[in-house]
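Worksheet: the structure to be examined is printed underneath.
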Amino acid sequence: MTRSLTLLRRRLVGSVFVLLIVVIGTFLLLEAAPGDAVDAYIASTGGDAGMIELLRHRWGLDQSALTRLANYLWALLHLDLGQSVSFSRPIRDVILERLPNTLLLMGSATALSFGLGSALGIYAGARPGSFRDRFLSIGSLALYAVPGFWLGLVLIIVFAVDLRWFPIGGIESLASAKTGLDRAVDIASHLVLPVSALGFIYLALYLRMMRAGMAEVWRQDFVLAARAKGLSRRRIVLAHVARNALLPLVTMLGLQSAQMLGGSVVIESVFSVPGLGRLAQEAVAARDTPLLLGIILTSAVLVVVINLLVDIAYVFLDPRVGANEASA
Numbered sequence: 158m159t160r161s162l163t164l165l166r167r168r169l170v171g172s173v174f175v176l177l178i179v180v181i182g183t184f185l186l187l188e189a190a191p192g193d194a195v196d197a198y199i200a201s202t203g204g205d206a207g208m209i210e211l212l213r214h215r216w217g218l219d220q221s222a223l224t225r226l227a228n229y230l231w232a233l234l235h236l237d238l239g240q241s242v243s244f245s246r247p248i249r250d251v252i253l254e255r256l257p258n259t260l261l262l263m264g265s266a267t268a269l270s271f272g273l274g275s276a277l278g279i280y281a282g283a284r285p286g287s288f289r290d291r292f293l294s295i296g297s298l299a300l301y302a303v304p305g306f307w308l309g310l311v312l313i314i315v316f317a318v319d320l321r322w323f324p325i326g327g328i329e330s331l332a333s334a335k336t337g338l339d340r341a342v343d344i345a346s347h348l349v350l351p352v353s354a355l356g357f358i359y360l361a362l363y364l365r366m367m368r369a370g371m372a373e374v375w376r377q378d379f380v381l382a383a384r385a386k387g388l389s390r391r392r393i394v395l396a397h398v399a400r401n402a403l404l405p406l407v408t409m410l411g412l413q414s415a416q417m418l419g420g421s422v423v424i425e426s427v428f429s430v431p432g433l434g435r436l437a438q439e440a441v442a443a444r445d446t447p448l449l450l451g452i453i454l455t456s457a458v459l460v461v462v463i464n465l466l467v468d469i470a471y472v473f474l475d476p477r478v479g480a481n482e483a484s485a
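To convert, take the position in the sequence shown, counting from 1, and add 157; that gives this note's numbering.
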């Protein structure tokens, strides 16, 4: 427990600087982009020079970039993400409405890809060179090469349009007034296709990593010693080979969290899931810089939190990691 707390404290200190770099870098990049929220608003509704000046003053766009950056950082210290220009609402409220949908999509896809991918990797790596090993290896390579948006469109055409097994898009049925278990079942049916489209791509990655890790562990001395003791192959695979091959997958789980979040943006667009991905598209279309900054900051916090949890899990799986951190 002491090692975990030491590791967590070190990671938290580093995470603060990471988030600060993300905020400042994103702000400067958005400032370098042509146009702003006033240009997008005038282009869609029209207006004269007086209205343009009034809107720039109301939204604080008449101030210098450094002044707005300083004001934004000061507001962040008070957990204030500012006001959305396009929604005319606090950004925190807008993000909190969409965040659960993204977390549900990411969490379900991660559980599918990591759980099933690890299991299939163990199944393939239990007998290296066998038919099932070659079949799963080739199949996973083909699946990994498929673009996520293309897989999503195929799933929609086959299972939503032709077979009509699942809804085409959305997160739940509109105006259904379902509650309790009925609503949970309705949401689950809407998530089957987007979770499959997002999870299957990373499932192939975890399968190949697990299989490769097991192939490496099979050659270790402790595995040879276990076989010399007469232990059953099943026990060797589960208690020795798979457990040690799982460590790189846990590391990859944290590294892939950012890519999983980026992939959810595309999947949310294909399946019309009202999450952070679609919200980011709306913010870009409206040139809503404060909202886009809030979305990026929220995404960065998610990635940091996931990596912190992975680091803590790694300490329990491999105590040497925590010992090295404590002695550093």
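All C-beta atoms in this analysis are idealised placements derived from N, C-alpha and C, irrespective of residue type, glycine included. Just so we're clear, the structure is a prediction, and the values are computed from it rather than from any experiment.
Own chain, CB closer than 6 Å to residue i, minus 5 neighbours either side, in chain order
i: glycine 278; result: Leu364, Met367, Arg368
i: leucine 176; result: Ala457
i: methionine 263; result: Met417, Ser421
i: serine 414; result: Val460, Ile463
Residue closest to residue i, alpha-carbon to alpha-carbon, out of the options
i: leucine 412; options: Glu188, Val467, Gly356, Leu234; result: Val467
i: tyrosine 359; options: Ala402, Arg376, Ala302; result: Ala302
i: methionine 409; options: Arg376, Ala283, Leu465; result: Leu465
i: valine 394; options: Leu433, Pro285, Val173, Gly356; result: Pro285
i: valine 427; options: Ile325, Met417, Met263, Arg376; result: Ile325
i: alanine 372; options: Gly282, Ala276, Asp250, Ile469; result: Gly282
i: serine 243; options: Ile453, Ala437, Leu459, Val461; result: Ala437
i: arginine 225; options: Arg376, Leu261, Val251, Leu187; result: Leu187
i: phenylalanine 357; options: Leu300, Trp307, Lys335, Lys386; result: Leu300
i: leucine 260; options: Arg384, Glu425, Ala470; result: Glu425
i: leucine 308; options: Arg167, Phe174, Val423; result: Val423
i: arginine 400; options: Asp319, Ala440, Arg289, Ala276; result: Ala276
Residue i classed as buried or exposed, judged by whether at least 16 other C-beta atoms fall within 10 angstroms
i: arginine 255; result: buried
i: leucine 331; result: exposed
i: glycine 305; result: buried
i: threonine 455; result: buried
i: alanine 232; result: exposed
i: alanine 189; result: exposed
i: threonine 267; result: buried
i: alanine 354; result: buried
i: alanine 227; result: exposed
i: isoleucine 295; result: exposed
i: serine 221; result: exposed
i: isoleucine 178; result: exposed
i: leucine 362; result: buried
i: serine 484; result: In this prediction, serine 484 scores a pLDDT of 47, lower than 50, which makes its location untrustworthy; the coordinate-derived value is nonetheless stated afterwards. Serine 484 comes out exposed.
i: serine 297; result: buried
i: arginine 435; result: buried
i: histidine 347; result: buried
i: serine 245; result: exposed
i: aspartate 319; result: exposed
i: leucine 293; result: buried
i: valine 108; result: As shown, the chain starts at 158 and ends at 485. That puts residue 108 outside it, with no answer to give.
Sequence-distant residues of the same chain with beta carbon closer than 7 Å to residue i, five excluded per side
i: isoleucine 344; result: Ile328, Glu329
i: isoleucine 248; result: Leu238, Gly239, Gln240, Ser241, Pro447, Leu448, Gly451
i: phenylalanine 316; result: Trp322, Phe323, Leu350
i: proline 106; result: Nothing in the structure corresponds to residue 106, since the chain is present only between 158 and 485.
i: leucine 169; result: none
i: asparagine 258; result: Ile328, Val430, Pro431, Gly432
i: leucine 273; result: Leu360
i: isoleucine 149; result: The chain is shown from 158 up to 485; residue 149 falls before or after that span and cannot be answered.
i: leucine 310; result: Val427
Spatial neighbours of residue i in its chain, beta-carbon cut-off 8 Å, leaving aside the 5 residues before and after
i: valine 380; result: Val374, Ile393, His397, Val398
i: tyrosine 229; result: Val180, Phe184, Gly239, Pro447, Leu450
i: alanine 385; result: none
In DSSP terms, what residue i is bridged to
i: glutamine 240; result: Pro247
heavy atom of the ligand SAM below 6 Å from residue i C-beta
i: serine 426; result: No copy of the ligand SAM appears in this structure; indeed no ligand is present at all.
Chain C contact for residue i (CB, 7 Å cutoff)
i: leucine 454; result: The displayed structure is made up of one protein chain only, and chain C is not part of it.
Ignoring anything shorter than 4 residues, give me the alpha helix (DSSP H) runs that lie fully in the region 356 to 433, in order along the chain.
Counting whole runs of 4 or more residues, the region 356 to 433 contains the alpha helix (DSSP H) stretches 378 to 385, 390 to 393, 399 to 428.
Quick one: which unbroken alpha helix (DSSP H) runs of 4-plus residues sit fully inside the region 224 to 307? Chain order, please.
Here the runs fully enclosed are 248 to 282, 288 to 301.
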